[in-house]
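Shown next, in structure tokens, is the structure this report addresses.
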Amino acid sequence: MCSIHFYRKYIAIALLLSTCESKQHVWDSIKQTKSPVCETKECKELSQSLVEGMNTKADPCTNFYDYVCGRWAEHNPVPPNVGEWSANHIMRTKTIHDLRKLLEKKDNMYDGADVVQARKVYKACVSIPSLQRGNADFIKIIVKGIANWILHLSVNTPKAHDGMTWMLDNYYLKMTGESAFFDVKMISNYQKQNSPLLLLQPPQSAYGSIFRSTDWTDDEKYAYSKFLREIAGVLTLDKKPLIPKTTMKMDIENVFKFRRNLNKLINENNENDVCKYMMLHEVQRLYDSTAKKPASKINWMEHGRVLHSNLITKKFDKNMPITLCQEEYFKKLGLLLSDADELTIGNHIHLYFVERHLYFNPHEKSLLSSAISSNMQQLTPRGQIRYDTERWQKCIKYHNMRNTIAKMYADAYFVKETKASVEKLIERIKAIMTMQIYESSWLGEITSEHMMDKIKHSVITYSYSKLTTYPVLTSPANSPTDILNINTAIANSRSELILNVPALQFPMHSPSLPYVVNHARIGFLIGNEMYSMLRKEEKVTRSSPNRIWLPRNLQNKFNQRSKCFAEQYKDYVRRGIAQPSVPNYLLKYNDLVVEENTADTMGLKATYDAFKKQMWKKKGECTVLPQFEKTNCEKLFFILFGSQFCTIISPNILQKYFDKNSHSLPEFRVNGPLSNMLEFSDAFECKPHTRMNATIKCDMWE
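Residues 1 to 702 (UniProt numbering) are what the sequence shown spells out, left to right.
Pasting the structure below:
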């Protein structure tokens, strides 16, 4: 029996049950002896979703992601105008609807002042005017309300009056809550007891129907200009002779040039996203400092009055507080409008409204698609179609009382049974990971003890829940978790594992689900983040002389193991693990991606060992899901793990996905870690040298 240092009492029992020389544990060889079937509603629902998503015709040893997710898209249709859809997005949608119920609920005597104010801010936000899309007749009814700057002018239509373009924008602002020159949000005012506060910022795009961050090809420009000419037809209000086609083409060309300059202005100010609290008259003075021509004038007082129309309880005046983001944009906007002619500004405003609110026919949609992908690979379009979101959803997404709404959700949906179940699972994973570190052949005693101590003393909290075990963490100043992101996060300075409460809900976890489910789903997420906690400490402590991540003599050994993961990731395409439809040049090989891939493998190995150890404690009994009675629990574990990554990604957002995501593609996150596990190859009887049975299996602790 191995001698055990007294300091390592935390893992003593586990080590007594293992053989140090071979690193074999009694639970490694445990066989399933009993397979009771879970018949609860949650088990039946989860089982059905697994069966529907699986492509059993696929070879699990060739592409396991295809095996577990090959038919997922057939039974999980992507909502209209959504670029990415997965189980996480489904959970996020449910969370948003749950928050809506909480925010639209009537106040009661037990609600705290912060909850009452959070509801007030939400209600103020949803009171901002909004307008859904409609057909051409619907658009014409609205356009009739103001006849200036109609693009399809009859020869007898009078020209616009000088200095009135802001009134055109104000007219549409009253109808839609949208401006052609700025975006509107309603947030809480921390300086005034969280009262509703208007926020103005640059628009997401100068183009009403698409996003652009790169310049245009000639074909794209032609398609978009033709699209604008097509939709301009709804602005015809009479049957009198129209302006000549050459004039129409020139007007559209002028609008296009103006929008390209406006979009450049929007994008160049994105990096300086500073917001200032000021009075409305200060916004007016700031803007007027650059807007010198009549057509460039904007009456910010009237814009503010429109947006506050349902909130005003006192006289609306120039001292109304407001938050202005990226003030440099608004200064330069005055210059841009001063350089543009009045007709072009008016045409831009009209067309922006039509783009935002007209139902497009198939031909118009086709032109839009060509405007972002002409002469380009469909997988990497140079733009993106803008998608509509209902006002109430925006009001939740941009609600800045994040701490309060997270507490509201936790109080309503996080119960003691869930907490107890999760914490037992965490302790199992802690014990396994501590043992893995102890058994590592290369770390050395001091380093391994430091790591084990960090794991042992890490603390758990749950995104602002009152049920946290550690009272000091119930109200952190800034949580790294977001209630709308179904994931976990780490606060490294306190060795804290923060679990986002929505991630602890079905189908990721439930106290009533079999332990194989909870280990494969939320257990993986916990294991992943717990390993990341050790790695992220490296970045914090390297600059500190008092705490050491790895001594220099161990750094080379660490780099060798890290290189294994890096080389493996690069090799995914050649081995056929990558989606053949994804160009290789899109795949990132940077250190952050490699770190995430390493955490995926190490987190999965930890939670799998914890699962096996739990089966050993249960003397081989493992409850399975209905329809999986003939599937052993080892196979079911891997099916449950892989299925949580089933995802549909539209080609239109693939470039954006890689630009903003530090993780590999979902297919990689499934196939990569599993190819490193001999236990997976044994469970599915994958022969040597098959794609899912890597010859070299990467492991950070080995």
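No residue lacks a Cβ here, since even glycine has one placed at the ideal position from N, Cα and C.
> Whose C-beta lies closer than 6 Å to the C-beta of F353 among residues of the same chain, with five residues either side of it excluded?
Replying inline: Y172
> What does DSSP give as the partner residues of M167 in its beta bridges?
Replying inline: DSSP output for M167 lists no bridge partner at all.
>> Is the separation between the beta-carbon of I266 and that of S225 shorter than 8 Å?
In response: no
> A431 to C698, Cα distance in whole Å?
Replying inline: 22 Å
> Could you give the distance in angstroms between the alpha-carbon of K34 and the alpha-carbon of Q614?
Replying inline: 14 Å
> With which residues is E342 paired in a DSSP beta bridge?
Replying inline: Beta-bridge pairing links E342 to no other residue.
>> Please report the straight-line C-alpha distance between D682 and L554, rounded to a whole angstrom.
In response: 32 Å
> Taking three-plus beta-carbon pairs below 8 Å as touching, is the region 649-666 in contact with the region 610-627?
Replying inline: no
> Of the residues M175, R100, L99, which one's Cα is nearest the Cα of S130?
Replying inline: M175
> Can you name, in chain order, every residue of its own chain whose Cβ lies under 7 Å from the Cβ of N400, other than the five neighbours on each side?
Replying inline: I187, S188
> What whole-angstrom Cβ distance do F258 and H348 have, given they're in contact under 8 Å?
Replying inline: 6 Å
> If we count the other Cβ atoms within 10 Å of its Cβ and call it buried at 16 or more, is R669 buried or exposed?
Replying inline: buried
> Measuring from the CB of D66, is there a heavy atom of the ligand MG at a distance below 7 Å?
Replying inline: The ligand MG is not part of the structure shown, which contains no ligands of any sort.
> Given N88, which residues of its chain have a CB within under 7 Å of its CB, disregarding the five upstream and five downstream residues?
Replying inline: I486
> DSSP beta-bridge partners for P502?
Replying inline: Paired residue(s): none; P502 is not in a bridge.
> Skipping 5 residues on each side, what residues in its chain have a beta carbon closer than 7 Å to that of F684?
Replying inline: P60, C61, K635
> Straight-line CA distance for K249 to R229?
Replying inline: 8 Å
> Per DSSP, what kind of secondary structure is Q384 in: helix, strand or coil?
Replying inline: strand
>> I'd like to check one pair, I526 with I437: are the Cβ atoms closer than 8 Å?
In response: no
> Shortest alpha-carbon distance to H97 belongs to which of N556, M433, Q393, Y277?
Replying inline: Q393
> Which of the three DSSP states, helix, strand or coil, is assigned to M530?
Replying inline: helix
> According to DSSP, is F138 helix, strand or coil?
Replying inline: helix
> What is the rounded straight-line gap between the Cα of V283 and the Cα of N254?
Replying inline: 29 Å
> What residues in its chain sit with their C-beta under 6 Å from that of A606, if we drop five residues either side in the sequence?
Replying inline: I429, I432, M433, G527
> Which of the three DSSP states, helix, strand or coil, is assigned to N267?
Replying inline: helix
> Can the beta-carbon of L497 be found less than 8 Å from the beta-carbon of M533?
Replying inline: yes
> Three or more beta-carbon pairs under 8 Å between the region 290-298 and the region 366-375, yes or no?
Replying inline: no
> Between G53 and the rest of its own chain, which residues show a CB-CB distance below 7 Å, the 5 nearest in sequence each way excluded?
Replying inline: V68, C69, R71, W72, H75, S643, C646
> Among the residues of its own chain, which have a CB less than 6 Å from the CB of L50, if the five just before and after it don't count?
Replying inline: S643
> Would DSSP call D251 helix, strand or coil?
Replying inline: helix
>> Ignoring anything shorter than 3 residues, give me the beta strand (DSSP E) runs that lie fully in the region 619-660, in order along the chain.
In response: 647-649
> Whose C-alpha, out of D215, F641, H350, is nearest the C-alpha of G603?
Replying inline: F641
>> At the level of alpha carbons, what is the spacing between E629 and E427?
In response: 29 Å
>> Taking only three categories from DSSP, how would you classify C61?
In response: coil
>> If contacts are defined as beta-carbon pairs under 8 Å, then R691 and N63 qualify, I think. What distance do you get, rounded to the angstrom?
In response: 7 Å
> For V184, does the three-state DSSP call read helix, strand or coil?
Replying inline: strand
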